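Going letter by letter, the sequence shown gives residues 1 to 385 in full-length UniProt numbering.
Ideal Cβ positions, reconstructed from N, Cα and C, are used throughout, including at glycine.
Predicted model only: the values in this text are computed from it and were never measured.
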Amino acid sequence: MSWPQTRLGDVCEIVSGATPKTGTPAYWDGDIAWATPKDLSDNDGKYLYDTPRKITADGFRSCSLKMLPAGSILLSSRAPIGLVAINRMPVCTNQGFKNLVPRKTSVSSDYLYWWLRCNRTRVEQAGRGATFKEISKAIVESLEIPLPPLAEQKRIAGILDAADALRAKRREAIAQLDALLQSTFLDMFGNPATNPMGWEECTVGDVTGCIVPGRDKPKSFTGTTPWITTDDLMDLAVTSHSPKVIGLSEQEIDEVRARVIPKGSVIISCVGDLGISSIAGCDLVVNQQLHTFQCGERINSQFLTFCLPFQKPWMKRRATQTTLPYLNKTNCNSIPIIVPPLDLQRRFATIVETVEQQKARMRSHLAELHALFASLQSRAFKGEI
1 MSWPQTRLGD VCEIVSGATP KTGTPAYWDG DIAWATPKDL SDNDGKYLYD TPRKITADGF
61 RSCSLKMLPA GSILLSSRAP IGLVAINRMP VCTNQGFKNL VPRKTSVSSD YLYWWLRCNR
121 TRVEQAGRGA TFKEISKAIV ESLEIPLPPL AEQKRIAGIL DAADALRAKR REAIAQLDAL
181 LQSTFLDMFG NPATNPMGWE ECTVGDVTGC IVPGRDKPKS FTGTTPWITT DDLMDLAVTS
241 HSPKVIGLSE QEIDEVRARV IPKGSVIISC VGDLGISSIA GCDLVVNQQL HTFQCGERIN
301 SQFLTFCLPF QKPWMKRRAT QTTLPYLNKT NCNSIPIIVP PLDLQRRFAT IVETVEQQKA
361 RMRSHLAELH ALFASLQSRA FKGEI
């Protein structure tokens, strides 16, 4: 089914934003919500309920701002283009927006939200500018959308809302399992950084071996041995390679004198965001921003993976501060840890493995929900659902 194409400018008022002078205290810390694109990037969901920064009535008047009524569409117009949310309260924005105030008799806010979400690439490609791209008021007004009757708009938005809610619930369930593992670790061992249970203490180097990665980055990736970077690590996970990871051949490994890290090794980030830890789910190669430990007889891999992040404050204090904080081999091996009885560590590892199996099933279901949602998105605005 095809619907008439309608310019956004014909069904919405497009409203820009502005920023009061930041050097004038009388303009700030009032009670008027004032949004920036960062507020949208930090916002986890469809609706915006509040803003971190507020302005005063004098600040509002000082730069000819316009208040957006609840139910408007906040659309970031630069740095980046295309972030979107529906405000639940009256709000104004900075100049990084081209906001849409829909004519309620013509278009649904929820329908507009989903159309903009599903067509973000198109909106981004409409940007203009040499230094950085931006969408102007005229560009937003000229964008054409399919416009079914209002009742059909609401039906489509309701279907997408329901599908998205299923994804959100599954993500929340996975997060709750992560929280359960964290809570279980603390119940069994206490915080390793303070050791309230009085376990034996040592450095990680006392109970593990280590393999330091090569310095050179491969020039090509044509094999099957995973090449792991910090982005491939997942907190509270028992595998450290993802389907997106690139791989090396034996020849490529030899060319850069890389060392293969054996399955079961504990991997930790030692550059930038320190202390992210995970376990190698197979033999792999890591880049120079990672350090690896091979556990000896007194330490369990799952236990160590959970133990290390508690020492992030210690790592930050010991790190060399250059452009990014950096922990060298000596500092990595000097990270303090606790060493509870091995049978207790293994008991925790059994719990981890059980929970990770549950998470794997949930992630599989979440992948199916993502596929369903993508299908609905592609069909929703063609009249096919």
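Mind checking whether arginine 167 and leucine 369 have CB atoms under 8 Å apart?
yes
Counting beta carbon pairs with one atom in the region 173-191 and one in the region 275-283, are three or more of them shorter than 8 Å?
no
Give every residue of the same chain whose Cβ lies closer than 6 Å to the Cβ of phenylalanine 185, excluding the five residues on either side of it in the sequence, and list them in chain order.
Phe306
How would you call leucine 342, buried or exposed, if buried means at least 16 neighbouring beta carbons within 10 angstroms?
exposed
With a threshold of 16 other CB atoms inside 10 Å of the CB of threonine 36, please say whether the residue is buried or exposed.
buried
Once the 5 residues before and after tryptophan 28 are set aside, which same chain residues still bring their CB inside 8 Å of it?
Pro20, Thr22, Arg53, Lys54, Ile55, Thr56 and Gly59
Which residue comes first and which comes last in the alpha helix (DSSP H) that contains aspartate 44?
Segment: none, aspartate 44 is in no alpha helix (DSSP H) and carries neither H nor E.
Whole angstroms are fine: how far does the CA of leucine 344 sit from the CA of leucine 177?
20 Å
So, do the region 36-46 and the region 124-132 have three or more beta carbon pairs nearer to each other than 8 Å?
no
As assigned by DSSP and simplified to three states, the class of alanine 57
helix
Tell me which same chain residues have a C-beta within less than 7 Å of the C-beta of valine 286, skipping the five on either side of it?
Pro213, Ile228, Ile261, Ile267 and Thr292
Sub-8 Å separation of valine 355 and isoleucine 299 beta-carbons
no
Please report the distance separating the alpha-carbon of alanine 175 from that of serine 109.
30 Å
Output needed for glycine 82: all residues of its chain with C-beta closer than 6 Å, excluding positions within five of it in sequence on either side, in chain order.
Arg120, Val123 and Glu124
Three-pair Cβ contact test at 8 Å for the region 12-19 versus the region 65-84
yes
Is DSSP giving leucine 274 helix, strand or coil here?
coil
Close Cβ partners of aspartate 254 (< 8 Å) along its chain, the five nearest in sequence each way excluded
none
Less than 8 Å between the C-beta atoms of asparagine 99 and leucine 68, yes or no?
yes
Could you tell me whether any Cβ in chain B is nearer than 8 Å to the Cβ of arginine 379?
Reference to chain B is not applicable here, since this structure consists of a single protein chain.
Enumerated in chain order, which unbroken segments of the beta strand (DSSP E) with a length of 3 residues or greater are wholly contained in the region 254-334?
266-269, 277-279 and 290-295
Euclidean distance between Cα positions of lysine 362 and alanine 163
Note on identity: in this sequence residue 362 is methionine, with lysine being the wrong assignment. Answer to the nearest angstrom: the Cα atoms are 16 Å apart.
Here's a check: name, in chain order, each residue in its chain whose Cβ is nearer than 8 Å to the Cβ of cysteine 210, leaving out the five neighbours to either side.
His291, Thr292, Phe293, Gln294, Lys329, Cys332 and Asn333
When DSSP builds the beta bridges, which residues end up paired with arginine 117?
None, per the DSSP bridge assignment.
With a threshold of 8 Å on Cβ separation, who are the neighbours of valine 352 within its own chain once the five nearest residues in sequence on each side are excluded?
Leu181, Val238, Gln302 and Phe306
CA nearest to the CA of aspartate 10, picked from Thr203, Ser142 and Val256:
Ser142
At what residues does the alpha helix (DSSP H) containing leucine 8 begin and finish?
8-11
Own chain partners of isoleucine 159 with C-beta closer than 8 Å, once the 5 adjacent residues on each side are dropped:
Leu376, Ala380 and Ile385
Return yes when at least one heavy atom of the ligand SAH lies under 7 Å from the C-beta of valine 107, else no.
What this structure holds is no ligand at all, so the ligand SAH is not there to describe.
From which residue to which residue does the beta strand (DSSP E) around valine 84 run?
81-87
Compute the distance between the beta-carbons of alanine 151 and isoleucine 139, then report whether it is under 8 Å.
no
Check for me: the beta strand (DSSP E) holding arginine 100 runs from which residue to which?
Here residue 100 turns out to be leucine, not arginine, going by the sequence shown. Per DSSP, leucine 100 belongs to the beta strand (DSSP E) from 98-102.
What does threonine 225 pair with, by DSSP beta-bridge criteria?
Leu248
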